[in-house]
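*Asks:*
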């Protein structure tokens with residue numbers, strides 16, 4: 462898209478009737494290009510910073526998520542539900558899982 466705009470502006474300078482008109486078109490095109498780069502770069506940077514701050518805000522606000530859960534009754538689009546943190550002394554024992562059929566076959570061979 463940028464290339465297409467550049468070509469159109471370049472063709473516009475080639476269509477000048479005299480040298481003064483060409484210079485005027487060239488410098489106007491140059492100023493527009495500089496301003497566009499400055500504005501686009503600053504808008505992209507501002508948007509990136511805004512998204513980063515919004516993500517930080519959402520991650521650090523437990524009261525916000527409690528309110529969301531209370532308003533949606535814990536049944537959001539992805540099934541949001543509040544989980545309580547585990548106490549430091551409580552750990553669930555892992556059940557011993559049987560091996561996969563390949564492991565069982567290898568044990569029979571050995």
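Residue numbers (the numbering used here): 462 to 571. A virtual CB, placed ideally from N, CA and C, is assigned to each residue, including glycine.
#1: Return the CA-CA distance between residue 532 and residue 522, expressed in angstroms with no decimal places.
#2: Would you check if the distance between the CB atom of residue 486 and the CB atom of residue 473 is smaller than 8 Å?
#3: Once the 5 residues before and after residue 470 are set aside, which same chain residues still bring their CB inside 7 Å of it?
#4: Over what stretch of residues does the alpha helix (DSSP H) that includes residue 522 continue unbroken?
#5: Can you grab the Cα-Cα spacing for the pair residue 499 / residue 511, in whole Å?
*Replies:* In this structure, then:
#1: As a working note, residue 532 is residue 71 in the chain shown. As a working note, residue 522 is residue 61 in the chain shown. Going by the C-alpha atoms only, they are around 16 Å apart.
#2: Indexing the chain shown from 1 puts residue 486 at position 25. Indexing the chain shown from 1 puts residue 473 at position 12. Yes, Cβ-Cβ distance for residue 486 and residue 473 is below 8 Å.
#3: Position 9 of the chain shown, counting from 1, holds the residue named residue 470. Closer than 7 Å at Cβ, skipping near neighbours: 490.
#4: Against the chain shown, residue 522 aligns to sequence position 61. Element bounds for residue 522: n/a, residue is neither H nor E.
#5: Numbered from its first residue, the chain shown carries residue 499 at position 38. Numbered from its first residue, the chain shown carries residue 511 at position 50. Answer to the nearest angstrom: the Cα atoms are 18 Å apart.
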